[in-house]
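Respectively, the protein sequence lines represent chains F and S.
Take any residue in the first sequence, count from 1 to its spot, add 6: that is its number in the numbering used here.
Take any residue in the second sequence, count from 1 to its spot, add 724: that is its number in the numbering used here.
The C-beta atom is built at its ideal place from N, Cα and C for all residues, glycine as well.
Take a look at the structure below.
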Amino acid sequence: MGVERVRALDGVDLDIQRNEFVAIMGASGSGKSTLMNILGCLDRPSSGIYTLNGKPTHKMRAGALARVRNQEIGFIFQSFELLPRQSALKNVMLPLLYSKGMFKARKRAKNALKRVGLETRMSHRPNQLSGGQRQRVAVARALVSEPSILLADEPTGNLDSTTSSEIIALFKQLHDEGQTIIIVTHEEEVASHAQRIVRLSDGKVISDNPTAEDPLHRKFVTAMASTIQTQVQDIDQNHIPKQLDDTSTNNSTKRAHELSQETEALDASSIHTMPGTKPARGVIQP
Amino acid sequence: MILLRLAFQTVFLALSQIFSNKIRSMLTTLGVIIGVASVISVIAALDGLQNNILGEFEKFGAKRVFIDGRRPESMRNKITWREVQLKEIEVTEILKHSESLDLIVPMWYGGYSIAHGKRTIDSVSVIGMWPSWHKIENRQILQGRQFSAIDEDEKRQVCLINEHAIQELDLDRNPVGSYILVSGRRFLIVGVVETIQMSAMFGGGDTSTEVFIPFSTARKLNPNGWLNYAQGELKDPNAAEDAIAEIRFVLRKMRGLEPDEEDTFQIQVMQRFIDQFNSMAGAIKAGAGGIVAISLLVGGIGIMNIMLVSVSERTREIGLRKAVGARPMIILTQFLVEAVVLCLVGAGIGLLIGEGFVLGLRLMPDSPLSKASVPFWAIVLSVGFSAATGIIFGMFPAIKAARLNPIDALRHE
Ligand SMILES: Nc1ncnc2c1ncn2[C@@H]1O[C@H](COP(=O)(O)OP(=O)(O)O)[C@@H](O)[C@H]1O
Ligand SMILES: [Mg+2]
């Protein structure tokens, strides 16, 4: 039947600390979204370990994962994913409806909207808002339950450059306020605001550097400085030096990690465990 | 408390969902609406009819027993019609031996001309009976007194007349103490009883003059006459079958009937008619229930269909709700509540239509259903069934929604 197996992620090993601002980069199809979905507990690895705030999420059932998503994670999607018939305020209140915080939902949602600068647009529906404003509503919704990490999968992918920089500025501000942020992007300019850049290719981590030391990023900065138009995506990924271990941030908490995935191209939902993979875990320590 | 709030929110969400798809929701719940409306009207109409007819029965009294002679087909050649008629002695024996009977009275009917002053009326009902008739029939004594045992024992020429007779015979306003001629004999009027209008159903028709005389006096009036029937009263309306068995036993023994011979008499108990009628009405109601079950089934399939459409239309929304932390159980509840609310809204509309229809039936001129009303149990039943329909047919789509994988759902176009 010619089933083609795709290993969307393979041997990924990451440690992310509290209040880090990490950018995940890579070509289309390199596994960025798959990684984000696992980090956001929307998906589970077919093998390997993901520990969030000391909780072994890979062992959890659907109900417990929903709780983790509700309380620990704020997820921002490329396509906003707002409920079209509901006002901005109602959209932001949504996560609180599924938590114990439902009694103060309105007040907390208003505060979250204030944080993203939308206090004057609370009763507007998504179709009455601009793209940037919609994404702000989505950010407010991700923030409203005060999650330990904010995950954003190409949050500026559907926005023009001016609006993009506004959203990125918002992320920077949130990071300054102490928020842990992981953002997927393929724009070097967006990544330049992060502290650390993780690059994926074919499901593998090919580099993991502080932003300032990332060779590709430095090239981009130099190019920008000399105002020479360079297409970042055109750079051959084979030239990226492999600097996996020596750039890991904290050796004392550093643990081996592997996420290996085999995905059948014809069946999105079947993820198989690879036999013989060594046990490993990834830790996000706040 | 949290659960309560969540329940409230899901109901509210379901209502707004239904409201935002008004026409679609209406069409979907049409099955439920028609089902509920039709059962409500059928049951109410039947209830009204039942009340009406039972009311007529009640006038006779549910405890009333009628006994009279009957010539069975198989004995046409053996015995004469006269021979099977009840005799006073049989009535007395029945009273003596039947434990379940409280009272029994022989009824003698004759048609005689009655005269008072210059007025004469022909073929008036003259009824001979024992004084205990008063206890069975319970007719109000408007003037004078009831019959007493002495009237009976001494075969007195006294009579009771009904109120109607006063004007027809042009009697005094207080006729007690006056005399009338019954078949040429002088009878003293000792009392006036109320006139009872029997419904057309029981051959009542026009009210007419009635003259009551003691049974013994009646026998004297026509020594060759026979008594038309006997009427009795049960001690307990549930003792009908016992009473019938006892009376049969006495009469068969007295008439010397062989075991293979049919009864030469018949016994009718009002309660039996009532029971038969009630069981018939019950059967019709059960039939109506069946119709409702079918239309709710059809309605339920409509509900399931629309819920499946709703789940696939809102796949992204479900994915998002899951992504922000809605547990599968909550999603299941949300869709289940939506299906149930949809059914209940349908049931509510159905109830209103049904009630309107029943009101129409009631207000029809000369309606035999003037007492028709929707019984509370029918409302509870139809609402309950509608809710159950929602749960049963909403379950599959709800489970489908609850099982959706959040990322697959979010990827859905
Ligand atoms: N549901 C799926 N079914 C089959 N293959 C998938 C599915 N989701 C992702 N993939 C494959 O997994 C790889 C990684 O995808 P993804 O994580 O979405 O990449 P990115 O977000 O970096 O563009 C790609 O090769 C993609 O084709
Ligand atoms: Mg992607």
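Short note on L41/F: C-beta closer than 8 Å to some heavy atom of ligand 1. Around the beta carbon of W854/S, 16 or more other beta carbons lie within 10 angstroms, which makes this residue buried.
Boundaries around N886/S are those of the beta strand (DSSP E), 882-886, since no alpha helix (DSSP H) includes it.
Counting only residues of its own chain and dropping the five nearest sequence neighbours on each side, L884/S has a CB closer than 6 Å to the CB of G915, V917, F936. Counting the other CB atoms within 10 Å of its CB gives V1104/S a total below 16, which places it among the exposed residues. In terms of side-chain proximity, the C-beta atom of A33/F is found nearer than 8 Å to a non-hydrogen atom of ligand 1. In this structure, the straight-line span from the alpha carbon of K178/F to that of E172/F is close to 10 Å. Segment contact: the stretch 951-969 of chain S against the stretch 882-901 of chain S, fewer than three CB-CB distances shorter than 8 Å; contact not assigned.
Put simply, the CB of N43/F is near chain S, with a gap under 9 Å to one of its CB atoms. Within 10 angstroms of the beta-carbon of F81/F lie 16 or more other beta-carbons, which makes it buried. Close partners of D49/F in chain S (Cβ separation under 9 Å): N1129, P1130, I1131. Within the DSSP secondary-structure output, P62/F pairs in a beta bridge with T57/F. Taking a beta-carbon distance threshold of 9 Å, Q141/F does not count as an interface residue toward chain S. Across the set E876/S, L912/S, H888/S, the C-alpha of H888/S shows the shortest separation from the C-alpha of L866/S.
Rounded to whole angstroms, the gap between the alpha carbons of G1114/S and L1066/S is 7 Å.
Close to chain F, meaning a Cβ-Cβ distance shorter than 9 Å, is no residue of the stretch 1073-1106 of chain S at all. When C-beta atoms of the stretch 71-87 of chain F are compared with those of the stretch 1038-1056 of chain S, three or more pairs fall below 8 Å, so the two segments count as touching.
In this structure I845/S is not in contact with L912/S, their Cβ atoms being roughly 18 Å apart against a cut-off of 8 Å. Below 8 Å, too few C-beta pairs join the stretch 56-68 of chain F and the stretch 209-225 of chain F to call them touching: fewer than three. Per DSSP, the unbroken alpha helix (DSSP H) holding M994/S starts and ends at 994-1037. At a beta-carbon threshold of 7 Å, the residues of chain F lying near K1046/S are A72, ordered along the chain. For P216/F, the enclosing beta strand (DSSP E) stretches over residues 210-216. DSSP lists H840/S as the beta-bridge partner residues of R843/S. Here the C-alpha atom of L58/F lies approximately 10 Å from the C-alpha atom of I79/F. When only Cα atoms are considered, K116/F and M128/F end up about 8 Å apart. For V190/F, the distance from the CB to the nearest heavy atom of ligand 1 is below 8 Å. From the listed residues S798/S, A873/S, L905/S, the smallest Cα separation to D984/S is found for S798/S. The criterion of a C-beta distance shorter than 9 Å is not satisfied by M1088/S and Y953/S. Three or more Cβ pairs drawn from the stretch 760-777 of chain S and the stretch 1096-1110 of chain S lie within less than 8 Å of each other, which places the two stretches in contact.
Rounded to whole angstroms, the separation of the alpha carbons of G37/F and R1051/S is 27 Å.
T1039/S sits away from L1093/S, with the two beta carbons spaced by 9 Å or more.
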